[in-house]
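Please read the structure below before turning to the comments.
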Amino acid sequence: MPSVAEQLSHGREAMKLDVYQVAEITKIRTDHIRALEAGDYDQFVAPVYIRGFVRTYASILKLDVARIMADLNQELGRTEKFAEPPSLTKQPKSWLDLVMLYLSRIDWRILLAVLSISLVVILAVVGYRLWYAHKTADPLKDISPGLYQPKTGTSGDTLPVPGTTAK
Numbered sequence: 003m004p005s006v007a008e009q010l011s012h013g014r015e016a017m018k019l020d021v022y023q024v025a026e027i028t029k030i031r032t033d034h035i036r037a038l039e040a041g042d043y044d045q046f047v048a049p050v051y052i053r054g055f056v057r058t059y060a061s062i063l064k065l066d067v068a069r070i071m072a073d074l075n076q077e078l079g080r081t082e083k084f085a086e087p088p089s090l091t092k093q094p095k096s097w098l099d100l101v102m103l104y105l106s107r108i109d110w111r112i113l114l115a116v117l118s119i120s121l122v123v124i125l126a127v128v129g130y131r132l133w134y135a136h137k138t139a140d141p142l143k144d145i146s147p148g149l150y151q152p153k154t155g156t157s158g159d160t161l162p163v164p165g166t167t168a169k
């Protein structure tokens, strides 16, 4: 059974295309096409690129894409680098990862609506309490008591009558 690389190479040669023409048609770089035809998958960083390039390349060459993809999955399963999907993070998970996970699950539209309504209710209650406290407060509580100060030179026993002068 021929490998995926051999099938792609034979398919390209059967259509009498060179690597540059295939690169122009598929928009895949020539070094990637050469790597696919050589079976050198180590040039690719992830299997998703290999699968996408092989699928595009096989469809241009009018090959059986499903069979080639099945063969490619078997070949990638035998390699050490692409046998298992790569870890997305190399670091151990921390409490921040857990917090971010829970924050990502929140429906922000509902939370924003609830917070907005809560803020309006709180502001209304605080505003009413301030208004009620102002309305019921004694208006004279902050005024110091006023004392009558008599004019100097009078005994202070009598109140001055308007229009008269003291003798």
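Quick note on numbering: the sequence shown equals residues 3 to 169 in our numbering.
Ideal placement from N, C-alpha and C gives every residue a C-beta, glycine not left out.
Excluding its 5 nearest sequence neighbours in each direction, Ala25 has C-beta neighbours in its own chain below 8 angstroms: Arg31, Thr32 and Ile35, listed in chain order. In this model, Ser120 and Ser96 are separated by some 32 angstroms (Cα to Cα). For Ser5, there is no enclosing alpha helix (DSSP H), since its DSSP letter is neither H nor E.
Here Arg14 has Val24 and Leu63 as same chain residues with Cβ atoms under 7 angstroms from its own Cβ, once five neighbours each way along the sequence are excluded. Taking the C-beta atoms as reference points, Gln9 is found no nearer than 8 angstroms to Ile108. Collapsing the DSSP output to three states places Ala139 in coil. The three-state reading of DSSP puts Met17 in coil, since its state is none of H, G, I, E or B.
Collapsing the DSSP output to three states places Glu26 in a helix. Straight-line measurement puts the Cα of Pro87 at about 15 angstroms from the Cα of Gly54. Contact between Ala60 and Val67 holds, since their C-beta atoms are separated by about 5 angstroms, short of 8 angstroms. Between Leu74 and Val56 a beta carbon distance of about 5 angstroms is seen, short of the 8 angstroms cut, so the two are scored as contacting.
For the set Asp42, Pro4 and Thr138, the Cα lying nearest the Cα of Thr81 is the one of Asp42.
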